[in-house]
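Protein chains: 2
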Amino acid sequence: MKSDRPTSRDIAEAAGVSQATVSRALRDSPLVRPETRERILDIARKLNYRVDRSAAGLRTRQSRTLAVLLFEDTTADASHVNPFFMRLLSSITRQASRLEYDTLVSFQQLSRDWVARYEISNRADGLILLGYGDYRGYAERLAALDEAGAHYVIWGPTDQTSHAVGCDNREGGWMATSHLIDVGRQRIAFLGISSEQYPEFRARYHGYCAALEHAGIEPDPALRIDADNVVESGQAATQILLRSGVEFDGIFAASDLMAFGALRALRTARVPVPDKVSVIGFDDLPAADYVHPSLTTVRQDTRLAGERLVRNLIRLIEGENVAAHVIVPELVIRESCGD
Amino acid sequence: MKSDRPTSRDIAEAAGVSQATVSRALRDSPLVRPETRERILDIARKLNYRVDRSAAGLRTRQSRTLAVLLFEDTTADASHVNPFFMRLLSSITRQASRLEYDTLVSFQQLSRDWVARYEISNRADGLILLGYGDYRGYAERLAALDEAGAHYVIWGPTDQTSHAVGCDNREGGWMATSHLIDVGRQRIAFLGISSEQYPEFRARYHGYCAALEHAGIEPDPALRIDADNVVESGQAATQILLRSGVEFDGIFAASDLMAFGALRALRTARVPVPDKVSVIGFDDLPAADYVHPSLTTVRQDTRLAGERLVRNLIRLIEGENVAAHVIVPELVIRESCGD
DNA sequence: CAACCTGCTGAATACGTTTGCAGATCGGGC
DNA sequence: GCCCGATCTGCAAACGTATTCAGCAGGTTG
Chain P
139 MKSDRPTSRD
149 IAEAAGVSQA
159 TVSRALRDSP
169 LVRPETRERI
179 LDIARKLNYR
189 VDRSAAGLRT
199 RQSRTLAVLL
209 FEDTTADASH
219 VNPFFMRLLS
229 SITRQASRLE
239 YDTLVSFQQL
249 SRDWVARYEI
259 SNRADGLILL
269 GYGDYRGYAE
279 RLAALDEAGA
289 HYVIWGPTDQ
299 TSHAVGCDNR
309 EGGWMATSHL
319 IDVGRQRIAF
329 LGISSEQYPE
339 FRARYHGYCA
349 ALEHAGIEPD
359 PALRIDADNV
369 VESGQAATQI
379 LLRSGVEFDG
389 IFAASDLMAF
399 GALRALRTAR
409 VPVPDKVSVI
419 GFDDLPAADY
429 VHPSLTTVRQ
439 DTRLAGERLV
449 RNLIRLIEGE
459 NVAAHVIVPE
469 LVIRESCGD
Chain H
139 MKSDRPTSRD
149 IAEAAGVSQA
159 TVSRALRDSP
169 LVRPETRERI
179 LDIARKLNYR
189 VDRSAAGLRT
199 RQSRTLAVLL
209 FEDTTADASH
219 VNPFFMRLLS
229 SITRQASRLE
239 YDTLVSFQQL
249 SRDWVARYEI
259 SNRADGLILL
269 GYGDYRGYAE
279 RLAALDEAGA
289 HYVIWGPTDQ
299 TSHAVGCDNR
309 EGGWMATSHL
319 IDVGRQRIAF
329 LGISSEQYPE
339 FRARYHGYCA
349 ALEHAGIEPD
359 PALRIDADNV
369 VESGQAATQI
379 LLRSGVEFDG
389 IFAASDLMAF
399 GALRALRTAR
409 VPVPDKVSVI
419 GFDDLPAADY
429 VHPSLTTVRQ
439 DTRLAGERLV
449 RNLIRLIEGE
459 NVAAHVIVPE
469 LVIRESCGD
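In the order they appear, the protein sequences are chains P and H.
All the letters of the first sequence, read from the start, carry residue numbers 139 to 477 under the working numbering.
All the letters of the second sequence, read from the start, carry residue numbers 139 to 477 under the working numbering.
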């Protein structure tokens, strides 16, 4: 009993052909006669043979591996991985597997210099960059990747790079705000970061403003409250809003996490939702369905997004060009807005 | 400008040494003189050299890669990845990275024959198996892995295999139930699967019974309701309980998801929590902190668990023996039990 | 002074695959 | 009968690294 894994040479010997023919048969080359191929495949199956990826990779200069770099929100607890990216990750690994690519996953601290993780591109044919915000100035980092000749795609701003797949955040903001207007709200607050650092949230804010103006409502600066992408911050922002005395009957939180915070603050203040105030979020986290009242929100199709990311990346690897791909958001109506 | 990545030969040439010496220097061999090593490392840095993992792997017969196989709960929506395993995954990749291992991730459908994915062990030095339940009869699959000489660890029942790292579910069930008793509850319902298929939930149930008996309470079969590990099922089970007319003042749900369902059912039935009924869950999902009332639950230390899984796996890879490792659960007290 | 050790370095080889090239076989056209 | 193309197969050369073995210098010992 041989303890070592069989090699293509073992198969060749058993099949009475050369090792080269085995390799060709396994790679479905038209150069080998169908009956020979069958015989070889049979024997390979019987011996439980698998090509050695290291050897194949060495020869072909490819790893058939995609690396996913997941940038964590520094504001979030390290142990709380954003479920949205988890769904994306799940879709990515599935699609990659379908296309016979393996997926390498690495969780990155934003604070750490991830340029060091170029190293991972050593192992992978391409990179998928996942995260909210600008990854601490990703423009320069991306330029560095370009310069290094790396293949990569990124979840994010589709208007800035053709390597991006991203949600139409402006449209999402428009949809959310329009829905609030549709259910009769006029004084709608916006919760979220509007700084340069979070282009997604800014785009949602622009959609918010556009929807208001379209309805003939002047956006009120007093209704725009900054908040970080965590529950506590959404709660604090809502408390500030409540204490400020500014009148409002709706809240559009730029993320579900902040919306959860808003719900909590309103409950504490005994403001009934959705009777007095409607609340809408963004992301459709699983928890949006658990909380009370369940959260109306804007969903991004993570399955499609993951598939596009993988597809575009593989195209890049194969030397083709790609265009940025926009994911169209979708309104998910639950209880928190009423009707 | 050379477009190709530099090889150890390029470094050797630049440093005026042989390729062998470069290889030795990079691997910190004591055979190379410190000053020579420094010179080589300098040049390697300057040329942005990285060892080719395929070549190194081919030579050493190792990939320095760990594969994580994540088995999804068939009862759950495919897009809803259990956050608990996400936390575990995050910890695993971090620890692996610390020990200079890469992490390959693959989401597996339970229905698909994952033995086929042994293939992945071709790419990885070891396997980490993650999932609830028995993975559709994992005992046989594990035996197959053993036979194939694969290195693997598994999240699960520590009493059944030394390859396991797992929570002391019995202790967790005991803690949860004891807490309910401590806050004055006597008629405590248990929500969760008790079939063979979910050993975790059964162990929690045993802890529940033991705690009751320790307090001099006879476990009432009418208070044990079967439920699947999803919100809807927890809700349905609670509704059944409510309609049955059986008196109860506490609910121990074997998972947070089911506990969320219980909370929803109780709210719908206008049963105040925790005034009339205390509810406790298991897992400490992030959402446990968002829902209202926030959920008292039992936390498993995912960071530690991930670290142990990786550590034990690497030990196995290095030919050492390992013992199963038990993670001690911890009570997280929030609002849903009162005091 | 020979023999020997110590501390370092280089030449050469093997890891298992893919693939360019050349050769073999065979049927058919002239 | 000869040549030619079509089809298949084998030979051999990479790919970049880790490692064995031998060698060399310089110092120490007998």
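Ideal Cβ positions, reconstructed from N, Cα and C, are used throughout, including at glycine.
Since this is a predicted model, take the numbers as computed values, not measurements.
Touch test, the stretch 427-443 of chain H against the stretch 434-442 of chain P, Cβ-Cβ under 8 angstroms, three pairs minimum: no
Hey, how far is the Cα of L208 of chain H from the Cα of R279 of chain H? To locate residue 208 of chain H, count along the second sequence from 1; it is residue 70. To locate residue 279 of chain H, count along the second sequence from 1; it is residue 141. Going from the Cα of L208 of chain H to the Cα of R279 of chain H covers about 15 angstroms.
Pull up the CB-CB distance for A234 of chain H and L204 of chain H, whole angstroms please, since I reckon it's below 8 angstroms. Position 96 of the second sequence, counted from the first residue, corresponds to residue 234 of chain H. Position 66 of the second sequence, counted from the first residue, corresponds to residue 204 of chain H. 5 angstroms between Cβ atoms; contact.
Three or more C-beta pairs under 8 angstroms: does that hold for the stretch 398-408 of chain P against the stretch 348-356 of chain P? no
Taking all protein chains shown into account, decide if T434 of chain H is buried (16 or more other Cβ within 10 angstroms of its Cβ) or exposed. Along the second sequence, one-based indexing puts residue 434 of chain H at 296. Buried: at least 16 other Cβ atoms inside 10 Å.
Measuring CB to CB, does F386 of chain P end up less than 8 angstroms from R453 of chain P? Translated into the one-based positions of the first sequence, residue 386 of chain P becomes position 248. Translated into the one-based positions of the first sequence, residue 453 of chain P becomes position 315. Contact: no.
Consider the Cβ of S371 of chain P: report whether some Cβ of chain H lies at a distance smaller than 8 angstroms. For this step, residue 371 of chain P is matched to residue 233 along the first sequence. Not closer than 8 angstroms to any Cβ of chain H, the Cβ of S371 of chain P fails to qualify, so no.
If you measure from the beta carbon of P221 of chain H to each beta carbon in chain P, is any gap under 8 angstroms? In the second sequence, the residue the question calls residue 221 of chain H occupies position 83. Closer than 8 angstroms to some Cβ of chain P, the Cβ of P221 of chain H qualifies, so yes.
Hey, could you find the ends of the alpha helix (DSSP H) T231 of chain P is sitting in? Indexing the first sequence from 1 puts residue 231 of chain P at position 93. Taken as a continuous stretch (DSSP letters only), the alpha helix (DSSP H) holding T231 of chain P covers 221-236.
Is the stretch 335-355 of chain P touching the stretch 374-382 of chain P in the sense that three or more CB pairs, one from each, lie closer than 8 angstroms? no
Is the distance from the Cβ of E338 of chain P to the Cβ of Y270 of chain P below 8 angstroms? To locate residue 338 of chain P, count along the first sequence from 1; it is residue 200. To locate residue 270 of chain P, count along the first sequence from 1; it is residue 132. Yes, the Cβ-Cβ distance between E338 of chain P and Y270 of chain P is below 8 angstroms.
Hey, how far is the Cα of G399 of chain P from the Cα of G372 of chain P? Mapped onto the first sequence, residue 399 of chain P falls at position 261. Mapped onto the first sequence, residue 372 of chain P falls at position 234. Computed Cα separation, rounded: 4 angstroms.
I'd like to confirm the pairing. Which residues does DSSP put opposite W293 of chain P in its beta bridges? Numbered from its first residue, the first sequence carries residue 293 of chain P at position 155. DSSP, once it has assigned bridges, lists P:V303 as partnering W293 of chain P.
Which residues in the same chain have their Cβ closer than 6 angstroms to the Cβ of G419 of chain H, if we skip the five residues on either side of it in sequence? What you label residue 419 of chain H is simply residue 281 of the second sequence in a count that begins at 1. If the five residues before and after G419 of chain H are omitted, its C-beta is found closer than 6 angstroms to the C-beta atoms of A391, D394, A397, L433, T435, all from its own chain and listed in chain order.
What does Y428 of chain P reach in chain H if we use C-beta pairs closer than 7 angstroms? Numbered from its first residue, the first sequence carries residue 428 of chain P at position 290. Simply V369, F398, A425, V429.
Under a CB-based cut-off of 8 angstroms, is T241 of chain P close to chain H? Within the first sequence, the letter at position 103 stands for residue 241 of chain P. For T241 of chain P, the answer is yes, since a Cβ of chain H falls inside 8 angstroms of its Cβ.
If you run the structure through DSSP and keep just helix, strand and coil, what is A462 of chain P? For the purposes of this step, residue 462 of chain P is taken as the residue at position 324 of the first sequence. It is coil, neither helix nor strand.
So the candidates are P:T231, P:V243, P:S229, P:I230; which of them puts its Cα closest to the Cα of R232 of chain H? For the purposes of this step, residue 232 of chain H is taken as the residue at position 94 of the second sequence. Ranking P:T231, P:V243, P:S229, P:I230 by Cα distance to R232 of chain H puts P:V243 first.
Comparing alpha-carbon positions, which option in P:L401, P:S201, P:H289 lies nearest V369 of chain P? Looking up residue 369 of chain P in the first sequence gives position 231. Comparing Cα positions, the closest option is P:L401.
What residue does the alpha helix (DSSP H) around T376 of chain H start on, and which one ends it? Locating residue 376 of chain H in the second sequence gives position 238, where the first residue counts as 1. T376 of chain H -> alpha helix (DSSP H) spans 369-382.
Given this structure, state the Cα-to-Cα distance separating L447 of chain H from C347 of chain P, to the nearest angstrom. On the second sequence, residue 447 of chain H is found 309 positions in, with the first residue counted as 1. On the first sequence, residue 347 of chain P is found 209 positions in, with the first residue counted as 1. Distance between the alpha carbons of L447 of chain H and C347 of chain P: 49 angstroms.
Provide the residue(s) that pair with E468 of chain H in DSSP beta bridges, ordered along the chain. For the purposes of this step, residue 468 of chain H is taken as the residue at position 330 of the second sequence. Note: E468 of chain H sits in a beta bridge opposite H:R437.
Strictly under 8 angstroms for the Cβ-Cβ distance: is S192 of chain P near chain H by that measure? The residue labelled residue 192 of chain P in the question sits at position 54 within the first sequence. By this cut-off, S192 of chain P is an interface position.
Checking the sheet assignment: what are the DSSP bridge partners for L208 of chain H? Here residue 208 of chain H refers to the residue found at position 70 of the second sequence. Bridge partners of L208 of chain H: H:F245, H:L268.
Bridge-paired residues (DSSP) for D240 of chain H: The count along the second sequence starts at 1 and reaches residue 240 of chain H at position 102. BP columns for D240 of chain H point to H:T203.
Looking at the strands, I want to know which residues DSSP matches up with R362 of chain H. For the purposes of this step, residue 362 of chain H is identified with residue 224 of the second sequence, where counting begins at 1. In DSSP, R362 of chain H forms a bridge with H:F328.
Counting contacts by CB-CB distance shorter than 8 angstroms, is T145 of chain H in contact with chain P? On the second sequence, residue 145 of chain H is found 7 positions in, with the first residue counted as 1. Output row for T145 of chain H: interface = no.
Could you give the first and the last residue of the continuous beta strand (DSSP E) run that contains V417 of chain P? Working through the first sequence from its first residue, we reach residue 417 of chain P at position 279. Counting along the chain, the unbroken beta strand (DSSP E) around V417 of chain P starts and ends at 416-418.
With a threshold of 16 other CB atoms inside 10 Å of the CB of D166 of chain P, please say whether the residue is buried or exposed. As a working mapping, residue 166 of chain P is identified with position 28 in the first sequence. D166 of chain P is exposed by the Cβ-count criterion.
Name the residue from H:D366, H:T296, H:N367, H:L361 whose alpha carbon lies nearest to the alpha carbon of V384 of chain H. Here the question's residue 384 of chain H lines up with position 246 in the second sequence. It is H:L361.
If V219 of chain P and I465 of chain P are in contact, beta carbons under 8 angstroms, what's the gap, nearest whole angstrom? Stepping through the first sequence from its first residue, residue 219 of chain P is reached at position 81. Stepping through the first sequence from its first residue, residue 465 of chain P is reached at position 327. Between I465 of chain P and V219 of chain P the Cβ distance is about 21 angstroms, and since that is not below 8 angstroms, they are no contact.
Quick check on G399 of chain P: does DSSP put it in helix, strand or coil? If you number the first sequence from 1, residue 399 of chain P lands on position 261. It is helical.
I need the boundaries of the alpha helix (DSSP H) containing A391 of chain P, first residue and last residue. Within the first sequence, numbered from 1, the residue matching residue 391 of chain P stands at position 253. Where A391 of chain P is concerned, there is no enclosing alpha helix (DSSP H), although the beta strand (DSSP E) it sits in stretches over 388-391.
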